[in-house]
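This note's numbering numbers the first residue of the sequence shown as 4 and each following residue consecutively.
Even for Gly, the Cβ is constructed at its ideal location relative to N, Cα and C.
What follows is one structure encoded as structure tokens, with my remarks underneath.
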Amino acid sequence: QVQLAESGGGLVQPGGSLRLSCAASGSISSIYSMGWYRQAPGRQRELVAVITSGGSTKYGDSVKGRFTIARDDAENTVYLQMNSLKSEDTAVYYCNAFILPRDYWGPGVQVTVSS
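Written out as structure tokens, the structure reads:
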């Protein structure tokens with residue numbers, strides 16, 4: 004079994020920053036990719052950012068230029084630095100890991116951007 008533990012969510016004012024972390028533990032053989040998705044009330048879950056084992060990254064259009072994803076392979080951890088946060092970034096953020104042969108999801112962490 005694989006577990007994903009997220010941390011770093013909370014309440015922040017518009018224009019502020021937050022850093023999310025997600026650590027994978029358990030029976031980890033080979034992590035192909037790790038990333039973040041988010042889901043706001045009444046909306047579908049959407050891609051925020053993903054990073055592969057080779058270092059390739061992909062970002063959702065709404066966060067390009069504001070969010071940065073990075074990973075620490077030695078710690079099986081992925082980070083999401085979120086800057087210039089907007090109210091529309093408010094959502095539950097879910098960590099995802101594709102560890103052959105399947106996807107794994109964390110329980111989610113709330114990010115609220117509000118004054």
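- Cβ-Cβ separation between GLN113 and GLY12: approximately 5 Å, consistent with a contact (criterion under 8 Å).
- For VAL5, the pairing in a beta bridge is given by DSSP as GLY29.
- Between THR115 and THR93, the gap from beta carbon to beta carbon is short of 8 Å.
- The beta carbons of ALA52 and GLY68 sit about 12 Å from each other, so the pair does not count as a contact at 8 Å.
- Judged by beta-carbon spacing, SER87 lies within the 8 Å limit of GLY18, meaning their Cβ atoms are closer than that value.
- Taken through DSSP and simplified to helix, strand or coil, SER36 comes out as strand.
- For LYS61, the enclosing beta strand (DSSP E) covers residues 60-62.
- Just so you know, the alpha carbons of TYR107 and ARG41 end up roughly 15 Å apart.
- Across the structure, PHE101 and GLN16 are spaced so that their CA atoms are roughly 32 Å apart.
- Following the DSSP letters along the chain, one finds GLY13 inside the beta strand (DSSP E) bounded by residues 13-15.
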